[in-house]
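Trainee:
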Amino acid sequence: TYTAHLVLDEITMGTDLIHASFQAVHAPLHSPPDNEPLGKVYTGRTDAQKRLDMLYHLDHWLGVVMQAAVSKGYLVILASDNGTAGDGKGTHSE
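Under our numbering, residues 2 to 95 are what the sequence shown spells out, in order.
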């Protein structure tokens, strides 16, 4: 599993194939680091709020990574698991 910072390093180096797995909205739930993006402070207290904070954080980093990758000529393919029956389907996980 890569962090967004490592993916950006691989893009900068021109690595031929980069496979990254981000599990942002995934147990255990926690708050993302503040200032990602700059000035953002995460205040989620409930599980639902933490999921939304994590999704916001993921969205930020996907945008940064995709912009860097596309500008270097990479083909970007996004895939996602839609959750497990009874544990994710119909929720933020899906």
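Ideal Cβ placement from N, Cα and C applies to all residues, glycine included.
Any idea what DSSP makes of Asp35, helix, strand or coil?
Mentor: Here Asp35 carries a coil assignment [DSSP, helix/strand/coil].
Trainee: Cα separation between His6 and Glu37?
Mentor: Their backbone Cα atoms lie some 12 Å apart in a straight line.
Trainee: Name the residue from Leu79, Val66, Ala21 and Lys41 whose alpha carbon lies nearest to the alpha carbon of Asp54.
Mentor: Comparing Cα-Cα distances from Asp54 to each of Leu79, Val66, Ala21 and Lys41, the minimum goes to Lys41.
Trainee: For His61, which of Asp35, Gly74, Thr16 and Asp10 has the nearest alpha-carbon?
Mentor: Asp35
Trainee: Using a threshold of 8 Å, state whether the C-beta atoms of Leu56 and Val77 are closer than that.
Mentor: no
Trainee: Identify, in the order they occur along the chain, each residue of the same chain with its Cβ nearer than 6 Å to the Cβ of Asp48, setting aside the five sequence neighbours on each side.
Mentor: Leu30
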